[in-house]
Amino acid sequence: MGLKWGIEAGFGGLVFGVDEVGRGPWAGPVVAAACCLDPERIPEGLADSKALSAARRERIAAGLDRVAIAEASVEEIDRLNIRAATFLAMRRAVEALALQAGPPIMVLVDGNALPGIDFPARAIVRGDSSVASISAAAIAAKVARDRLMTELDCAYPAYGWARNKGYGTAEHQAGLARAGVSPHHRRSFAPVAKLLG
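To convert, count from 1 in the sequence shown and add 6; that's our numbering.
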């Protein structure tokens with residue numbers, strides 16, 4: 007059935023949903039998305055992005071017209087830490103969407119903490135499975151990051167990123183042992199740092 011326009015209706019204005027993907031992988035950026043849904047055109051099948059097939063995520067993402075994608079690089083993750091880099095990516099996504107759609111009356115962020123944005127905001131635990139605009143943002147972010155990691159796999163095929171998206175699978179671990187650390191690995195993450203000595 008999918009998520010419908012719910013909590014967003016209570017704010018009576020422009021509402022952004024925000025989520026991120028890629029906090030846990032050993033490689034690649036963390037990617038955030040901000041999404042503003044039209045209450046008359048809620049995509050069918052919205053749900054927790056992890057519960058949807060890749061094909062379903064692609065279809066939903068293709069139908070989103072007010073969405074902004076942003077990232078924090080591997081270098082920023084290593085310099086700031088993953089939590090701060092995640093918040094940076096979220097802020098960038100919100101700022102980009104505000105330029106595109108106008109300033110929001112409320113920003114709904116998945117999780118239990120806010121990224122320090124300049125608009126009214128509310129953190130919602132498990133928002134990606136309960137709030138339509140957050141779910142849409144999570145789907146958009148995952149589709150964008152999955153595409154990026156698949157592209158990086160072409161240049162760095164040793165690690166299996168097209169399949170594991172940079173997460174610490176046995177295949178990725180074996181690739182690291184065999185090929186060493188790439189420019190896209192997070193050097194501050196323990197398995198990578200260990201290889202670097």
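Heads up, the beta-carbon is just placed ideally off N, CA and C, and yes, glycines get one too. Please read all numbers here as calculations on a predicted model, not as lab measurements.
Residue i and residue j closer than 8 Å at C-beta
i    : j    : result
F22  : V113 : yes
A138 : V37  : no
G184 : A33  : According to the sequence as given, residue 184 is Arg; it is not Gly. No, the pair does not count as a contact, with Cβ atoms beyond the cut-off.
A107 : L20  : yes
A129 : E26  : no
Residue i to residue j span [Cα, whole Å]
i    : j    : result
M7   : G28  : Note that M7 scores 47 on pLDDT, short of 50, meaning its location in the model is unreliable; the coordinates nonetheless yield the value given after this. Distance between the alpha carbons of M7 and G28 is about 27 Å.
G4   : E46  : There is no way to answer for residue 4, as the model of the chain reaches only from 7 to 203.
E82  : A40  : 20 Å
S79  : G12  : 33 Å
Y70  : G203 : Per the sequence shown, the amino acid found at residue 70 is Leu instead of Tyr. Cα-Cα distance, rounded: 44 Å.
E64  : N118 : 27 Å
R72  : H178 : 35 Å
A57  : E50  : 14 Å
R205 : D44  : The displayed coordinates of the chain run from 7 to 203. Any statement about residue 205 would go beyond what the structure contains.
L86  : A68  : 32 Å
G166 : T92  : 24 Å
I145 : L154 : 14 Å
L120 : A127 : 7 Å
Contacting residues, own chain, Cβ-Cβ under 6 Å from residue i (five flanking each side not counted)
i    : result
A168 : T156, D159
S141 : L9, L52, D134
D116 : D25, G133, D134, I140
Close-in-space but distant-in-sequence residues of the same chain around residue i (CB under 7 Å, 5 per side omitted)
i    : result
K10  : I48, A138
V131 : G117, N118
Classification of residue i by the beta-carbon crowding that lies within 10 angstroms, buried from 16 upward
i    : result
G181 : buried
E14  : buried
A60  : exposed
H190 : buried
P2   : Because the chain in this structure spans residues 7 to 203, residue 2 falls outside the shown range and cannot be described.
8 Å Cβ shell around residue i - same chain, five flanking residues per side excluded
i    : result
V187 : R193, V198, L201, L202
A196 : none
Closest residue to residue i among the options (Cα-Cα distance)
i    : options            : result
T175 : G30, A15, E14, V24 : G30
A147 : R62, A74, A127     : A74
S136 : P35, A127, S55     : S55
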